[in-house]
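A.B. asks:
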Amino acid sequence: MKPTLVQLRYVVAVARYGSVTAAAAILNVSQPSISVAIDNVEDALGQKLFVRQRGSGVALTSFGRQAVAKARQVLGEADELVALGSCEANVGGELVLGCFEDLAPYFAPALMRAFAERCPAVTVVIRDETFETLGRRLADSAVDLGLTYDLGLPVHFKRVLLHELRPHALLPAGHVLADKHAVSLAELASYPLITTDQPHSWQHMLDLFLSRGLSPIAQSSTSSFELQRSMVANGFGVAVSYTRPHGDRSYDGLPLVCKPLSDPLPMQRIILTFDTRQRLSKAAQAFIDVAKTWFASHDVFTA
Numbered sequence: 022m023k024p025t026l027v028q029l030r031y032v033v034a035v036a037r038y039g040s041v042t043a044a045a046a047i048l049n050v051s052q053p054s055i056s057v058a059i060d061n062v063e064d065a066l067g068q069k070l071f072v073r074q075r076g077s078g079v080a081l082t083s084f085g086r087q088a089v090a091k092a093r094q095v096l097g098e099a100d101e102l103v104a105l106g107s108c109e110a111n112v113g114g115e116l117v118l119g120c121f122e123d124l125a126p127y128f129a130p131a132l133m134r135a136f137a138e139r140c141p142a143v144t145v146v147i148r149d150e151t152f153e154t155l156g157r158r159l160a161d162s163a164v165d166l167g168l169t170y171d172l173g174l175p176v177h178f179k180r181v182l183l184h185e186l187r188p189h190a191l192l193p194a195g196h197v198l199a200d201k202h203a204v205s206l207a208e209l210a211s212y213p214l215i216t217t218d219q220p221h222s223w224q225h226m227l228d229l230f231l232s233r234g235l236s237p238i239a240q241s242s243t244s245s246f247e248l249q250r251s252m253v254a255n256g257f258g259v260a261v262s263y264t265r266p267h268g269d270r271s272y273d274g275l276p277l278v279c280k281p282l283s284d285p286l287p288m289q290r291i292i293l294t295f296d297t298r299q300r301l302s303k304a305a306q307a308f309i310d311v312a313k314t315w316f317a318s319h320d321v322f323t324a
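Here it is, written out as structure tokens:
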């Protein structure tokens with residue numbers, strides 16, 4: 022028996038959310054219904070789609086990745102067909118946007134609002150991701166588009182430039198460098214450097230110093246950008262960052278000083294990315310257009 026659209030939606034949801042339990046909760050159906058759908062699709066295709074991982078849900082098999090990618094294509098075309106009959110929009114379906122966790126709070130909600138005005142028939146799901154998880158989610162079809170910095174992505178991922186940023190120094194108020202117009206990496210290297218523990222992030226920051234022949238004093242790494250800012254504000258060290266929230270204060274209310282770097286350093290890119298091996302839906306294409314327009318008309322991380 023051929024898989025039905027409902028069964029394919031269940032399979033795609035399991036791939037997207039990583040477990041039958043999570044997919045059932047999102048879809049508001051029973052877990053046995055989803056398990057039966059998976060069994061039916063696997064029987065129809067003659068191969069396993071998922072392997073169970075003890076304590077961590079399920080993972081796609083190599084064949085499962087291909088099958089889910091094709092299922093998403095079929096479902097996307099079905100949603101687009103339904104949208105043709107809508108007087109509100111000609112793009113429908115669901116779009117899952119994976120956002121690097123440091124960028125998500127600053128851009129994801131505004132982009133969702135702008136996109137909803139253009140494509141109200143599309144349901145947008147936002148997922149926070151690390152540098153490590155984002156590439157895997159895109160490859161597994163769990164995420165349609167990624168909003169991130171251009172770090173740690175495979176070569177076959179398409180990169181759509183949204184904005185470029187210069188790095189800046191992050192200092193506690195009252196620091197001896199705080200009154201300077203700009204500071205150099207050589208000056209910062211004399212003070213304890215606080216980084217985040219995201220692998221691609223701390224390596225990139227270290228490479229900035231190494232490119233100038235400098236070895237910074239390693240102080241500590243933090244689990245989040247906001248904890249890094251609070252550590253700096255409380256005088257535990259200095260940092261280098263691209264992200265700059267509105268209002269130079271840490272979560273605990275202490276002032277921070279942001280200074281441009283005097284070194285000729287490369288710009289960092291905020292991008293939308295996707296796996297070129299997967300079909301890009303009309304909803305994803307429309308979101309890219311909206312994001313490019315939004316970034317072109319807004320100031321990003323300015324004082």
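Numbering-wise, this note's numbering comes out as the position in the sequence shown, counting from 1, plus 21. C-beta atoms are modelled at their ideal positions from N, C-alpha and C, and glycine is treated no differently. For clarity, every value in this text was computed on a predicted model and none was experimentally measured.
(1) Does DSSP put Pro141 in a helix, in a strand, or in coil?
(2) Candidates His177, Val261, Ala304 and Gln299: which alpha carbon is nearest Phe230's?
(3) To the nearest angstrom, how far is the alpha carbon of Ala90 from that of His189?
(4) Going by CA-CA distance only, name the one from Val32, Leu166, Val321 and Asn255 that's closest to His352.
(5) Excluding sequence positions up to five away, which residues of its chain have a Cβ less than 8 Å from the Cβ of Leu96?
(6) Using CA coordinates, which residue listed in Met252, Ser241, Leu155 and Thr294 is at the minimum distance from Pro193?
(7) Applying the 10 Å Cβ sphere with the 16-neighbour rule, what's the burial state of Arg158?
(8) With 16 as the cutoff for other CB atoms within 10 Å, does Ile215 come out buried or exposed?
(9) Express the C-alpha separation of Gly167 and Arg300 in angstroms, rounding to a whole number.
(10) Grouping DSSP H, G and I as helix and E and B as strand, with all else coil, what is Val176?
(11) Identify the residues that DSSP records as bridge partners of Val117: which are they?
(12) Short of 6 Å in beta carbon distance, which residues of its chain neighbour Gln249, apart from the five on each side in sequence? Order them along the chain.
(13) If you drop the 5 nearest sequence neighbours on each side, which residues of the same chain put their C-beta closer than 7 Å to that of Glu208?
(14) Let me know if Asp60 comes out buried or exposed under the rule of 16 or more other beta-carbons within 10 Å of its beta-carbon.
(15) If you scan the stretch 167–234 from start to end, which runs of the alpha helix (DSSP H) of 4 or more residues do you find wholly inside it?
(16) Who are Leu277's beta bridge partners in DSSP?
(17) Using a Cβ-Cβ cut-off of 7 Å (strictly less than) and excluding sequence neighbours within five positions of Cys108, which residues of its own chain qualify?
(18) Please classify Asp296: does DSSP put it in a helix, a strand, or coil?
(19) Starting from Phe14, trace the beta strand (DSSP E) both ways and give me its first and last residue.
(20) Taking 8 Å as the cut-off, does the stretch 288–300 touch the stretch 166–181 (at least 3 CB pairs, one atom from each stretch)?
(21) Counting only C-beta atoms, is Trp315 closer than 7 Å to chain C at any point?
(22) Alpha carbon to alpha carbon, what distance is there between Ser40 and Gly274?
(23) Closest to Val204 by CA distance: which of Gln306, Gly195, Ser302 and Leu282 is it?
(24) To the nearest angstrom, how far is it from the Cα of Glu4 to the Cα of Arg270?
(25) With Asp200 and Leu81 assumed to form a contact (beta carbons below 8 Å), what rounded beta-carbon distance in angstroms separates them?
(26) Could you tell me which of Ser222, Trp223 and Tyr212 sits nearest to Arg238, measuring between CA atoms?
(27) Quick one: Cα of Thr151 to Cα of Phe128, how far?
(28) Where does Val164 sit, in a helix, a strand or coil, going by DSSP?
(29) Under 7 Å between the Cβ atoms of Ala142 and Arg37?
(30) If I measure Cβ to Cβ from Leu361 and keep anything under 8 Å in the same chain, skipping five residues before and after, which residues do I get?
(31) Based on Cα-Cα distance, which residue from Val35, Val278 and Met288 lies nearest to Gly195?
C.D. replies: Put simply:
(1) coil
(2) Val261
(3) 40 Å
(4) The first residue shown for the chain is 22 and the last is 324, placing residue 352 beyond what the model contains.
(5) Leu26, Leu29, Arg30, Val33 and Gly114
(6) Met252
(7) buried
(8) buried
(9) 14 Å
(10) coil
(11) Val146
(12) Ile215, Thr217, Thr243 and Ala260
(13) Leu198
(14) exposed
(15) 206–209 and 220–231
(16) Pro193
(17) Caution applies to Cys108, whose pLDDT of 49 falls short of 50 and renders its modelled position unreliable; the value that the coordinates give is listed next. Nothing meets the Cβ criterion.
(18) strand
(19) What the structure shows of the chain is the stretch from 22 to 324, and residue 14 is not part of that stretch, so it cannot be assessed.
(20) Here the stretch 166–181 lies against the stretch 288–300, with 3 or more beta-carbon pairs under 8 Å apart.
(21) Looking at the structure shown, chain C is missing, and only one protein chain is on hand.
(22) 39 Å
(23) Leu282
(24) With the chain running from 22 to 324 in the structure shown, residue 4 is simply not present.
(25) Not confirmed; about 55 Å, so no contact.
(26) According to the sequence displayed, residue 238 carries Ile and not Arg. Closest by alpha carbon: Tyr212.
(27) Looking at the two C-alpha atoms, the distance is approximately 16 Å.
(28) coil
(29) no
(30) In the structure displayed, the chain extends from 22 to 324; residue 361 sits before or after that span and is not available.
(31) Val278
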